[in-house]
Every structure is written in C-alpha cells, then in structure tokens.
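First up is the structure itself, then whatever we jot down about it.
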Amino acid sequence: MKKKNSTPTPHDAAFRQFLAQPEIARDFMELHLPAELRAICDLSTLKLESGSFVEDDLRQYFSDVLYSLETAEGTGYVHVLIEHQSSPDVHMAFRMTRYAVAAMQRHLDAGHKKLPLVIPVLFYVGKRSPYPYSTRWLDEFDNPELAGKVYGGDYPLVDVTVIPDDEIMNHRSMAALTLLQKHIHQRDIATLTDRLATLLMADYLSSPQVIALIHYLLQAGESADSEAFVRELAQRVPQHGDALMTIAQQLEQKGIEKGIEKGRLEGIQIGEEKGRNEGKLEGEREATLKIARTMLKNGLDRTSVMKMTGLTADELEQIRH
Numbered sequence: 001m002k003k004k005n006s007t008p009t010p011h012d013a014a015f016r017q018f019l020a021q022p023e024i025a026r027d028f029m030e031l032h033l034p035a036e037l038r039a040i041c042d043l044s045t046l047k048l049e050s051g052s053f054v055e056d057d058l059r060q061y062f063s064d065v066l067y068s069l070e071t072a073e074g075t076g077y078v079h080v081l082i083e084h085q086s087s088p089d090v091h092m093a094f095r096m097t098r099y100a101v102a103a104m105q106r107h108l109d110a111g112h113k114k115l116p117l118v119i120p121v122l123f124y125v126g127k128r129s130p131y132p133y134s135t136r137w138l139d140e141f142d143n144p145e146l147a148g149k150v151y152g153g154d155y156p157l158v159d160v161t162v163i164p165d166d167e168i169m170n171h172r173s174m175a176a177l178t179l180l181q182k183h184i185h186q187r188d189i190a191t192l193t194d195r196l197a198t199l200l201m202a203d204y205l206s207s208p209q210v211i212a213l214i215h216y217l218l219q220a221g222e223s224a225d226s227e228a229f230v231r232e233l234a235q236r237v238p239q240h241g242d243a244l245m246t247i248a249q250q251l252e253q254k255g256i257e258k259g260i261e262k263g264r265l266e267g268i269q270i271g272e273e274k275g276r277n278e279g280k281l282e283g284e285r286e287a288t289l290k291i292a293r294t295m296l297k298n299g300l301d302r303t304s305v306m307k308m309t310g311l312t313a314d315e316l317e318q319i320r321h
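Letter by letter, the sequence shown follows residues 1 to 321 of the UniProt record's numbering.
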C-alpha cells in the first residue's frame, strides 16, 4: 500500500474519522454488504489495516480504508473506497479491481500462501445521482461476455514439457526454439543435432535468428563439445553455414585462450609451490648450520658434529669462516 503524503480533504478526514472506528465500520458492513457475503464474514474480528491504495495525485477525489476480518474461508478483507469527486469515474470498477489485487499482493508479501477474499465496496457521495456506471469491471470491455471467459476461466497454458517432439517439429518458425527450450536442461544438448538440423534446413528462421538461437543454446544448455556440435550444424545447414562456422571459430578461440590461461595459472601455482619448498629447505639448512656453530663453540669435535647434523666437512669449514 502507498504511504499517504498529501493533506487530507474534508471528505477524507470525515470519512476516516468515522470508518476508522471498528464499531462504526461494523454497522456500515452490516448495512451495506450483500447478504451472501455478510453471511460468511465474522464482523466481530474486524481489524483496521494501515495505509492506502489510492495514488497520491488522486486523493482529492478518493479515500479508502482496508479492514481485515475472518471469514468462513479464512482471512479476508473489506476494502471500502469513497468517491467524492463531482464527476464519477467511468473506470471506477477497474480501479476497485486494481486496489483489490494490490491488497491480495500485500497479503502474499506478508508470507501467506493463499490469496485472500477482498470485497471492494464503493461509497459514492458525488453530485450526480444516481451513480451512473456499472461496478462490474467486465462491463468496461467492448465484449463483456468474451472478457468474462478470458478472465473468469483458466488462462491458456502452453506446457512445452508434455508436447511430443514429433509434434513440435511441425510448429514452423516456433519449432526450433520450442524444441531447445524443452530439452535445454538435459545432459548433452548435442543429442538434438538431427532434429535441429532438420528444422534449420526448413529455412523458417533468418541468420540473425539462428545465431540468437545457438547463443541461447550455448549459454543455457550443456554439451560435451560445443565447438564440434556447432561445426556439425554448419556442415548440415549450408544456408547458415557461414554464421555457424563463425560461432564455432569463436568457441575454438575461447578454448585456446582458456587453455593458455589455465597453463599460466598452473605455472604460477607450480612456481609458488617450488618457492615455498625452496624457502623451507633454506630455512632448515640455516637452522642446522646455527646448531652446528653452537656445538663447535661448546668444544664438540668436528666428527661428532657432522654425525649429529648431517653436514659435510666443507659445510663445517664454511662455518669456521
């Protein structure tokens, strides 16, 4: 819901002062809710919710309050919208639908799993009487009956996962994309080479479209050898051969660069490891020499020092100098 920033109008102030009181809101709903809806609402559980769904630039024309309550079907809401402009809004039914959906979204954002029932109520106090427009939002369409079928039933579903590949092959310009998107998560997309080559040979797609398709495949799919896969397509689909060979060459170059970079990193790693080992050996040698020097200073004979430290006669001679 949007935060209310503007200065309230007299209509808004009076409306809120009254309807913000649960006992008054209860009377309002008992008087004005349709009997069928009132029967499923527990009005003793009314709770005023914060905020407003009305856009800031429309507050001089509309005010609203939102109440939550328990219904026979779970938590629900009653959204009361007051219209106090002199000329009624021809799209009020659609506006009320949008606000109701916004209330549903806020309910989901709060962590709930199911949509709540939101009952929109228009409280009209305009100058024109009676209220001149339908409050059924479907009546705003040129063909309300058709709109009711579209928005009152199941939306069309294209479930690519259950369409047989043989059927997809007959989908003309949509076939290649549909086939790839159906199988994009399989282990090796190269198994589609035969079908994809057949579809590209049908010449439904332009070269830019083929390039976009292959780039999608390379980015989202998996292949044991992407370069070989693209080269195979280039040979089997000559009308797009140049474009496909360009992609294959780019893959080859990337492979070379990747190999060079891998070799460089491995070389650095080997060098660092060698340096650490050499440093360790040098440190151990310095420690041994220091121990031998101390032994000699304490009067121990050279033969014993060489046996105990493993140093040679030449190394002991260096200590003495």
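Glycine included, each C-beta is placed from N, C-alpha and C at the ideal position.
query                                                                                                                             : result
Inter-residue spacing [alpha-carbon to alpha-carbon] between Phe15 and Leu217                                                     : 59 Å
Contact set for Arg231: own chain, Cβ-Cβ below 6 Å, skip 5 residues either direction                                              : Ala248
Rounded separation between Met96 and Lys113 - CA only                                                                             : 23 Å
Entirely enclosed beta strand (DSSP E) segments - the segment 78-142, minimum 3 residues                                          : 117-124
C-beta contact flag for Pro88 and Pro130 at 7 Å                                                                                   : no
Same chain only: Cβ atoms within 7 Å of Leu43, ignoring 5 sequence neighbours per side                                            : Arg26, Met29, Glu30 and Leu69
Cβ neighbour criterion (16 or more within 10 Å) applied to Thr71                                                                  : buried
Where the beta strand (DSSP E) containing Thr71 begins and where it ends                                                          : Phe62 to Thr71
Minimum length 4: unbroken alpha helix (DSSP H) runs contained in the segment 187-251                                             : 193-201, 207-220 and 226-236
Neighbourhood of Leu199 by C-beta, 6 Å cutoff - its chain only, sequence neighbours within 5 removed                              : Ala175 and Ala176
Where the beta strand (DSSP E) through Glu55 begins and ends                                                                      : Segment: none, Glu55 is in no beta strand (DSSP E) and carries neither H nor E.
N- and C-terminal bounds of the beta strand (DSSP E) containing Asp165                                                            : Looking at the DSSP string, Asp165 is not in any beta strand (DSSP E); the run it does join, the alpha helix (DSSP H), is Asp165 to Ile168.
Contacts around Arg172, its chain only, beta-carbon distance under 6 Å, and the 5 residues preceding and following it disregarded : Tyr204
Cβ neighbour criterion (16 or more within 10 Å) applied to Val150                                                                 : exposed
Whole-angstrom C-beta distance between Glu73 and Leu117, which should lie under 8 Å                                               : 6 Å
Local Cβ density within 10 Å of Ala234, reported as buried at 16 or more and exposed below that                                   : buried
Outcome for Leu180 when other beta-carbon atoms lying within 10 angstroms are tallied against a minimum of 16                     : buried
Within 7 Å, strictly: CB atoms of Ala197 and Ser223                                                                               : no
C-beta atoms of Leu122 and Leu81 nearer than 7 Å                                                                                  : yes
Opening and closing residue of the alpha helix (DSSP H) in which Leu177 lies                                                      : Ala175 to His183
Range covered by the alpha helix (DSSP H) that runs through Leu311                                                                : Unbroken run through Leu311: none, as it is neither H nor E.
Per-residue DSSP class, three states only, for Leu33                                                                              : coil
Neighbourhood of Glu261 by C-beta distance below 7 Å, restricted to the same chain and skipping five residues each side           : Annotation note: pLDDT 49 at Glu261 (below 50); position unreliable, coordinate value reported separately. Answer for Glu261: no residue qualifies.
Own chain residues within Cβ distance below 6 Å of Leu244, not counting five before or after                                      : Val230, Leu233 and Ala234
Segment limits, beta strand (DSSP E) that includes Leu48                                                                          : Cys41 to Glu49
Unbroken alpha helix (DSSP H) run spanning Leu146, endpoints                                                                      : Pro144 to Gly152
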